[in-house]
Amino acid sequence: AQTVTQSQPEMSVQEAETVTLSCTYDTSESDYYLFWYKQPPSRQMILVIRQEAYKQQNATENRFSVNFQKAAKSFSLKISDSQLGDAAMYFCAYGGSQGNLIFGKGTKLSVKP
Amino acid sequence: EPEVTQTPSHQVTQMGQEVILRCVPISNHLYFYWYRQILGQKVEFLVSFYNNEISEKSEIFDDQFSVERPDGSNFTLKIRSTKLEDSAMYFCASSELRSGANVLTFGAGSRLTVL
């Protein structure tokens, strides 16, 4: 069975600085997708970024980028130029052949002004 | 931008009562999901639904839960006899594809409080 581990329950970053959130996963599948979702206090799940496992190039969406290390099964999220609105829970998720997503426990990110 | 709509946003019920949570998925999506998030914990998969039947379900999705697509637009989650531990945020999601390539679009969630 696939698992997703987020080892940082909480992280803090100064506004305008860069922060990296860690995620590791375990799977025996070769074709899969990885996601980062953001959950602000409103509790809605918002897709931040997606990575296809067969692509070596790391995905980037504006200030958000990932460091995908397939051999190490690591999928970290880097947020550059952090903004107050980035404060939220961040969930790493695995999407494999079954279709449903498997989530990690989340990392609570605080942004200090 | 298309969105998944969930109602009610918050429901309070007495233990043992039946609850129906409603979702309107994105119109051209074919796969529907329910997830649950107990306060402070991770988001957990409950069930996926395709072509008017359950395609997968987790261990959480026991006999007290059921899902239905009563018409062309709504997708419902029914909890027959609620327990205190059913208190959680319930998220509906939909996607175009079934494989891991799909991007799930989530609704804003329905908060269920069981007293």
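If you're matching them up, the sequences are chains A and B in order. Counting along the first sequence from 1, when you hit position 74 you're at 74 in my numbering, and nothing is skipped either side. Take any residue in the second sequence, count from 1 to its spot, add 1000: that is its number in my numbering. A virtual CB, placed ideally from N, CA and C, is assigned to each residue, including glycine.
Element boundaries [beta strand (DSSP E), containing residue i]
{"i": "residue 46 (chain A)", "result": "46-52"}
{"i": "residue 37 (chain A)", "result": "33-39"}
{"i": "residue 1111 (chain B)", "result": "1110-1114"}
{"i": "residue 1021 (chain B)", "result": "1019-1024"}
{"i": "residue 1060 (chain B)", "result": "Neither: residue 1060 (chain B) is in no beta strand (DSSP E) and is coded neither H nor E."}
{"i": "residue 1119 (chain B)", "result": "This structure does not reach residue 1119 (chain B), given that chain B is present from 1001 up to 1115, and the question cannot be answered."}
Outcome for residue i when other beta-carbon atoms lying within 10 angstroms are tallied against a minimum of 16
{"i": "residue 54 (chain A)", "result": "exposed"}
{"i": "residue 1016 (chain B)", "result": "exposed"}
{"i": "residue 1037 (chain B)", "result": "buried"}
{"i": "residue 50 (chain A)", "result": "buried"}
{"i": "residue 46 (chain A)", "result": "exposed"}
{"i": "residue 3 (chain A)", "result": "exposed"}
{"i": "residue 1039 (chain B)", "result": "exposed"}
{"i": "residue 1110 (chain B)", "result": "buried"}
{"i": "residue 1043 (chain B)", "result": "buried"}
Sheet register partners of residue i (DSSP bridge)
{"i": "residue 1036 (chain B)", "result": "B:1044 and B:1090"}
{"i": "residue 1068 (chain B)", "result": "B:1076"}
{"i": "residue 108 (chain A)", "result": "A:10 and A:89"}
{"i": "residue 76 (chain A)", "result": "A:67"}
{"i": "residue 61 (chain A)", "result": "A:64"}
{"i": "residue 1095 (chain B)", "result": "B:1031"}
ask   = Do the segment 1042-1052 of chain B and the segment 93-109 of chain A meet, that is, are 3 or more Cβ pairs less than 8 Å apart?
value = yes
request  = Evaluate contact between the segment 1072-1083 of chain B and the segment 6-17 of chain A, counting only Cβ atoms and requiring at least three cross-stretch pairs below 8 Å.
outcome  = no
task = Could you name the residues of the segment 54-69 of chain A whose beta carbon sits closer than 8 Å to any beta carbon of chain B, in the order they occur along the chain?
result = none
request  = Check distances from the C-beta atoms of the segment 85-107 of chain A to those of chain B and list, in chain order, the residues that come in under 9 Å.
outcome  = 91, 93, 94, 95, 96, 97, 98, 99, 100, 101, 102, 103, 104, 105 and 106
query = For the segment 1078-1090 of chain B, which residues have a CB atom closer than 7 Å to at least one CB atom of chain A, in sequence order?
reply = 1089
ask   = Between the segment 1054-1068 of chain B and chain A, which residues of the former have a C-beta closer than 9 Å to a C-beta of the latter?
value = 1055, 1056 and 1058
key: Segment contact flag, the segment 77-97 of chain A with the segment 31-45 of chain A, C-beta cutoff 8 Å, min 3 pairs   = yes
task = Report yes or no: do three or more beta-carbon pairs, one from the segment 1013-1032 of chain B and one from the segment 59-72 of chain A, lie closer than 8 Å?
result = no
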